[in-house]
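Trainee: Just dropping this structure here.
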Amino acid sequence: MAVRNIPPETVIIGIDLGLTHTGVAFSTVDMKAPLNVDSWPGKEEVAKKVPTKLWYRAGCKTPISWGFDEPKELHPGMDVVDCFKLYLDPGFDPGGSKNSAEVFWTHEDVQTWFIDFLTALRKHIIQYIRHTKQLTNRVVGEWRFHPVEYIFSFPTTWQSPKVVDAFRRIVRSSGYGDCEAHSVEIKLTEAAAAAVYSAKNFKDQWAVQSPKGRRQLPVGKVERVQDGNVILICDAGGGTTDVSVLKVLSTEKFEIRGQMEEVLQLEQLDYVNGRPLGSVQIDQAFQREIENRLIKIDYKSSDNGCSPKYAARRLTKDFFLPIKHNYGHELVASLDTLSYPVPGVPKSYDNPDAGFKNGRIVLTDSDIRWLFDEQIQRIFGMIDEQLQRIEYITPPVEVTHFVLSGGLGSSPYVQDCFKINYGYGKAAKQILISDNPSISYGIVVNNRVRGNKPPPGFNGNVEISPYNGKRYIVNQIQWLIERDRIIQHQDIRPKFDRVFEATNSDIAWKTLIAISRSPATRLPQTINQGDADVKCTIESYVDGELLRQHAQPVKQSRWSSSRNPELQKIQYEVRLCIASSYITFEVWLGDRVVGKSDEIHIAWQYTSEDETERQVTPTEYPVDWSNYGRAKVAKDSPWPIFLR
Numbered sequence: 002m003a004v005r006n007i008p009p010e011t012v013i014i015g016i017d018l019g020l021t022h023t024g025v026a027f028s029t030v031d032m033k034a035p036l037n038v039d040s041w042p043g044k045e046e047v048a049k050k051v052p053t054k055l056w057y058r059a060g061c062k063t064p065i066s067w068g069f070d071e072p073k074e075l076h077p078g079m080d081v082v083d084c085f086k087l088y089l090d091p092g093f094d095p096g097g098s099k100n101s102a103e104v105f106w107t108h109e110d111v112q113t114w115f116i117d118f119l120t121a122l123r124k125h126i127i128q129y130i131r132h133t134k135q136l137t138n139r140v141v142g143e144w145r146f147h148p149v150e151y152i153f154s155f156p157t158t159w160q161s162p163k164v165v166d167a168f169r170r171i172v173r174s175s176g177y178g179d180c181e182a183h184s185v186e187i188k189l190t191e192a193a194a195a196a197v198y199s200a201k202n203f204k205d206q207w208a209v210q211s212p213k214g215r216r217q218l219p220v221g222k223v224e225r226v227q228d229g230n231v232i233l234i235c236d237a238g239g240g241t242t243d244v245s246v247l248k249v250l251s252t253e254k255f256e257i258r259g260q261m262e263e264v265l266q267l268e269q270l271d272y273v274n275g276r277p278l279g280s281v282q283i284d285q286a287f288q289r290e291i292e293n294r295l296i297k298i299d300y301k302s303s304d305n306g307c308s309p310k311y312a313a314r315r316l317t318k319d320f321f322l323p324i325k326h327n328y329g330h331e332l333v334a335s336l337d338t339l340s341y342p343v344p345g346v347p348k349s350y351d352n353p354d355a356g357f358k359n360g361r362i363v364l365t366d367s368d369i370r371w372l373f374d375e376q377i378q379r380i381f382g383m384i385d386e387q388l389q390r391i392e393y394i395t396p397p398v399e400v401t402h403f404v405l406s407g408g409l410g411s412s413p414y415v416q417d418c419f420k421i422n423y424g425y426g427k428a429a430k431q432i433l434i435s436d437n438p439s440i441s442y443g444i445v446v447n448n449r450v451r452g453n454k455p456p457p458g459f460n461g462n463v464e465i466s467p468y469n470g471k472r473y474i475v476n477q478i479q480w481l482i483e484r485d486r487i488i489q490h491q492d493i494r495p496k497f498d499r500v501f502e503a504t505n506s507d508i509a510w511k512t513l514i515a516i517s518r519s520p521a522t523r524l525p526q527t528i529n530q531g532d533a534d535v536k537c538t539i540e541s542y543v544d545g546e547l548l549r550q551h552a553q554p555v556k557q558s559r560w561s562s563s564r565n566p567e568l569q570k571i572q573y574e575v576r577l578c579i580a581s582s583y584i585t586f587e588v589w590l591g592d593r594v595v596g597k598s599d600e601i602h603i604a605w606q607y608t609s610e611d612e613t614e615r616q617v618t619p620t621e622y623p624v625d626w627s628n629y630g631r632a633k634v635a636k637d638s639p640w641p642i643f644l645r
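Counting with my numbering, you get residues 2 to 645 for the letters of the sequence shown.
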């Protein structure tokens, strides 16, 4: 395995900015394993994550505190900002109208919150690492001169490149990579980072299979994952849940600076499904329940005049969150009812219909369980959809292991529900739990270990062009027809450039036609990814006379042209031909057909929807110099966007 030539003193820092909490891990190349930042301002105990939270005072542009460092008292004019991560995506639906009183922020506000939090986080990371015992002799002198790689993950639900670019600008504006010795990458989706963590630490995860309760797998009795096993990873966090299915290709051992590493090599079998489901939605559901009960009794505190909404928020934070984190443990499960005092409600007040007794709001165990079950059933729906999709994979595969990670995934009740739903019967899965901040850890592992080796699922997709020596991602798919898209016949004729040596008397090549059952937003990027299936192959041939008619010179650098043969190119089209019961694909060069596919029989779905006019103005045609399919130059990274 090739290993990146990273200087041994380089500090690799992985940052997972979560909706509710943020995790940070760091390492050098030759450290035994990445370390978590686990000490934070305002928190005496060890904590592997810090709340993604800010406090502001009226009239102040900068926050007065962040993370665990909560002010002792919230005075009038103070405000707390949290759960703002997903609002960076303009397409995210916060659950209400943009004009409602609840949506008080602007896009500029959201960017300011990001910058303020990330700036405070960066300052603490620097201070923590400089005082870490393992790096005492490594990090010397000024931090800005020390080599540092900052690697950030981003939510799988951020489908638009514009959102990721906006996040990249925010990270830069927060001071990351502001000197020559430091670099910044927005590299892995959160689902991909969780997968890398699982590949590196599968033996460190523990099972929930035993009917006697959870058990830590003893050293030496680890339930090993075998080559060919299929793993479903469910990363259920604060605000989003990602589900991915990967196959174990092999277990590779290699040496990095005298230390042996063992990593599972994984292949992605289907697209990663990410949805806004998580523990925050449970908090919001509880808050709505309390607010509705207070409205029902026409509540208004005589002490401070607080509204039902404000009182519901305080009850959620002060009473519900500790219960939520421990729900499923035996002590909490033994309580049939829970009751909370409400400020301003007399102790003598009773209202059984609204759920009040002795001035306290009463919740039964079923009330709490319903809040969890609503999210869990939606997550199970995601998993079942994924399991159904992989049934169409050839050759057939069957999931053997589940890995449950993330904040909501750490809930004892959620783990028990997974065990009951998927851990028994003929199709029982081994259900394993990731007990660490898997995403930030996985980010560091990916950069520290992978080196120049292709990431999971993209083995052999990178080739070096024989003409210019550049890396190209091959097997790329350019989708011509997408689900729910109205077909406009004149649009479906993409152009490609074919490069060849000027001395060639003729040329021949193959064009692969692939299909996928995935929705348009989740289509595979390469023919080796997800459920992409090669339906047919078009063989094209151009003789010398036609070649000379359409050949164009290829601009080469002075250095390249002095060492390589003269190159030329032709520009051809792949046209979709539509018939009543079938389609065919033809390769055209000028006014000549140089290749044609067999008939592909299909069933059409008609629609009365009007065609939308759109103008296609391609600025650059894909380069095709191989028989691997469409090739795309790897500019900032040699790997496809899935694991960037």
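All C-beta atoms, glycine included, are put in the ideal place defined by N, C-alpha and C.
For clarity, every value in this text was computed on a predicted model and none was experimentally measured.
Just mark S519 as buried or exposed, buried being the case when its beta carbon has 16 or more other beta carbons within 10 Å.
Mentor: Sequence index remark: in the sequence shown, residue 519 carries index 518 (1-based). The residue is buried, with at least 16 neighbouring Cβ atoms inside 10 Å.
Trainee: Does the segment 392 to 411 come close enough to the segment 279 to 286 to have 3 or more Cβ pairs within less than 8 Å?
Mentor: Because the criterion of three Cβ pairs below 8 Å is met, the segment 392 to 411 and the segment 279 to 286 touch.
Trainee: Please confirm if the segment 394 to 408 is in contact with the segment 367 to 381, defined as three or more CB-CB distances below 8 Å between the two stretches.
Mentor: Judged by Cβ distances under 8 Å, the segment 394 to 408 makes no contact with the segment 367 to 381, as fewer than three pairs qualify.
Trainee: Determine the contact status of I571 and R499, defining contact as a CB-CB distance below 8 Å.
Mentor: Stepping through the sequence shown from its first residue, residue 571 is reached at position 570. Stepping through the sequence shown from its first residue, residue 499 is reached at position 498. Yes.
Trainee: Got a sec? Which residues, its chain only, sit under 7 Å from Q285 by beta carbon, not counting five neighbours each side?
Mentor: By one-based count along the sequence shown, residue 285 stands at place 284. Nothing listed; no residue qualifies.
Trainee: Among the candidates R549, V185, P554, whose CA atom is the shortest distance from the CA of E567?
Mentor: For the purposes of this step, residue 567 is taken as the residue at position 566 of the sequence shown. Checking every option, the nearest Cα to that of E567 belongs to P554.
Trainee: What does the alpha-carbon distance come out to for the pair D80 and D90?
Mentor: Working through the sequence shown from its first residue, we reach residue 80 at position 79. Working through the sequence shown from its first residue, we reach residue 90 at position 89. Near 23 Å, if we compare the C-alpha coordinates of D90 and D80.
Trainee: Are the Cβ atoms of R123 and G176 separated by less than 8 Å?
Mentor: Taking the first residue of the sequence shown as position 1, residue 123 is located at position 122. Taking the first residue of the sequence shown as position 1, residue 176 is located at position 175. Yes, the pair counts as a contact, with Cβ atoms nearer than the cut-off.
Trainee: In the DSSP assignment, what residue or residues form a beta bridge with V30?
Mentor: For the purposes of this step, residue 30 is taken as residue 29 along the sequence shown, with counting starting at 1. Paired residue(s): none; V30 is not in a bridge.
Trainee: Rounded to the nearest angstrom, what separates Q530 and F155 at their Cα positions?
Mentor: The residue you call residue 530 lines up with position 529 of the sequence shown. The residue you call residue 155 lines up with position 154 of the sequence shown. Those two C-alpha atoms are separated by around 20 Å.
Trainee: Buried or exposed: where does T63 fall if 16 or more other Cβ atoms within 10 Å of its Cβ makes it buried?
Mentor: As a working mapping, residue 63 is identified with position 62 in the sequence shown. Result: exposed.
Trainee: Assuming R361 and S340 make a contact with CB atoms under 8 Å, what is their CB distance in whole Å?
Mentor: What you label residue 361 is simply residue 360 of the sequence shown in a count that begins at 1. What you label residue 340 is simply residue 339 of the sequence shown in a count that begins at 1. Indeed, because the Cβ distance is near 4 Å, the residues count as touching under 8 Å.
Trainee: How is the beta strand (DSSP E) around T538 delimited, first residue to last?
Mentor: Taking the sequence shown and counting its residues from 1, one reaches residue 538 at position 537. Where T538 is concerned, the enclosing beta strand (DSSP E) stretches over 534 to 543.
Trainee: In its own chain, which residues sit with a C-beta less than 7 Å from the C-beta of Y393, not counting the 5 before and 5 after it?
Mentor: Locating residue 393 in the sequence shown gives position 392, where the first residue counts as 1. Excluding residues within five positions, the ones whose Cβ falls inside 7 Å are R518, D532.
Trainee: So, at 7 Å on beta carbons, what are the nonlocal neighbours of V398 in its own chain, with the 5 sequence-adjacent residues on each side left out?
Mentor: On the sequence shown, position 397 is the one that residue 398 refers to. Contacts found: V231, K248, L270, I391.
Trainee: Taking only the alpha-carbon atoms, compute the straight-line gap between V415 and E10 and give it to the nearest angstrom.
Mentor: The residue labelled residue 415 in the question sits at position 414 within the sequence shown. The residue labelled residue 10 in the question sits at position 9 within the sequence shown. Answer to the nearest angstrom: the Cα atoms are 41 Å apart.
Trainee: Along the alpha helix (DSSP H) that carries Y414, what are the first and last residues, could you check?
Mentor: Counting from one through the sequence shown, the residue named residue 414 turns up at place 413. From DSSP, the alpha helix (DSSP H) with Y414 extends over 413 to 423.
Trainee: Using the rule of at least 16 other Cβ atoms within 10 Å of the residue's Cβ for burial, across every protein chain shown, is H108 buried or exposed?
Mentor: Locating residue 108 in the sequence shown gives position 107, where the first residue counts as 1. Flag for H108 reads exposed.
Trainee: Nearest-angstrom Cα distance between F501 and A515?
Mentor: As a working note, residue 501 is residue 500 in the sequence shown. As a working note, residue 515 is residue 514 in the sequence shown. Taking the straight line from one Cα to the other gives about 25 Å.
Trainee: How close, in whole Å, do the beta carbons of V51 and T29 come, if the pair is a contact with beta carbons under 8 Å?
Mentor: Here residue 51 refers to the residue found at position 50 when the sequence shown is read from its first residue. Here residue 29 refers to the residue found at position 28 when the sequence shown is read from its first residue. Not really, about 23 Å apart at Cβ, beyond 8 Å.
Trainee: Could you tell me which of Y423, D354, G356, L136 sits nearest to L233, measuring between CA atoms?
Mentor: Mapped onto the sequence shown, residue 233 falls at position 232. Out of Y423, D354, G356, L136, Y423 has the C-alpha closest to the C-alpha of L233.
Trainee: Quick check on the burial criterion: 16 or more other C-beta atoms within 10 angstroms. Buried or exposed for G239?
Mentor: The residue labelled residue 239 in the question sits at position 238 within the sequence shown. Classification of G239: buried, given that the 10 Å Cβ count is 16 or more.
Trainee: Measuring straight from C-alpha to C-alpha, what distance separates L496 and I16?
Mentor: Here the question's residue 496 lines up with position 495 in the sequence shown. Here the question's residue 16 lines up with position 15 in the sequence shown. According to the sequence as given, residue 496 is Lys; it is not Leu. For K496 and I16, the distance between alpha carbons rounds to 40 Å.
Trainee: Please identify the residue among H551, Y57, Q569, S598 whose C-alpha is closest to the C-alpha of V575.
Mentor: On the sequence shown, residue 575 is found 574 positions in, with the first residue counted as 1. Among H551, Y57, Q569, S598, the Cα nearest to that of V575 belongs to S598.
Trainee: Measure the alpha-carbon distance for P413 versus L36 and round it to whole angstroms.
Mentor: The residue you call residue 413 lines up with position 412 of the sequence shown. The residue you call residue 36 lines up with position 35 of the sequence shown. Approximately 25 Å, taken between the alpha carbons.
Trainee: Strictly by DSSP, which residues pair up with K50?
Mentor: Here residue 50 corresponds to residue number 49 of the sequence shown, with the count starting at 1. K50 is bridged to G24.
Trainee: Here's a check: name, in chain order, each residue in its chain whose Cβ is nearer than 7 Å to the Cβ of D544, leaving out the five neighbours to either side.
Mentor: As a position in the sequence shown, residue 544 is number 543, starting the count at 1. Same-chain partners within the cutoff: D507.
Trainee: Could you pull the start and end residues of the beta strand (DSSP E) that H108 belongs to?
Mentor: On the sequence shown, residue 108 is found 107 positions in, with the first residue counted as 1. Unbroken run through H108 is the alpha helix (DSSP H), 108 to 131; no beta strand (DSSP E).
Trainee: Using the three-state DSSP reduction, which class does Y57 fall into: helix, strand or coil?
Mentor: On the sequence shown, position 56 is the one that residue 57 refers to. Three-state result, Y57: strand.
Trainee: Output the distance between the C-alpha atoms of C235 and V594, rounded to the nearest integer angstrom.
Mentor: In the sequence shown, counting from the first residue as 1, residue 235 sits at position 234. In the sequence shown, counting from the first residue as 1, residue 594 sits at position 593. C235 and V594: Cα-Cα distance of roughly 48 Å.
Trainee: Beta carbon of Q266, beta carbon of S245: below 8 Å?
Mentor: Within the sequence shown, numbered from 1, the residue matching residue 266 stands at position 265. Within the sequence shown, numbered from 1, the residue matching residue 245 stands at position 244. Not closer than 8 Å, so no.
Trainee: So with Cβ pairs under 8 Å, would you call V343 a contact of chain C?
Mentor: Annotation note: the requested chain C is absent from the structure, which comprises a single protein chain.
Trainee: Just the Cα atoms here: how many angstroms apart are P309 and Y300?
Mentor: Taking the sequence shown and counting its residues from 1, one reaches residue 309 at position 308. Taking the sequence shown and counting its residues from 1, one reaches residue 300 at position 299. Going by the C-alpha atoms only, they are around 6 Å apart.
Trainee: In terms of DSSP beta bridges, what is G15 paired with?
Mentor: By one-based count along the sequence shown, residue 15 stands at place 14. DSSP output for G15 lists A26, I152 as bridge partner(s).
Trainee: Which residue spans inside the segment 153 to 186 form an unbroken beta strand (DSSP E) run of at least 3?
Mentor: Qualifying beta strand (DSSP E) stretches: none in this window.
Trainee: Could you tell me which residues DSSP pairs with D243 in its beta bridges?
Mentor: The count along the sequence shown starts at 1 and reaches residue 243 at position 242. Its beta-bridge partners are D236, G275.
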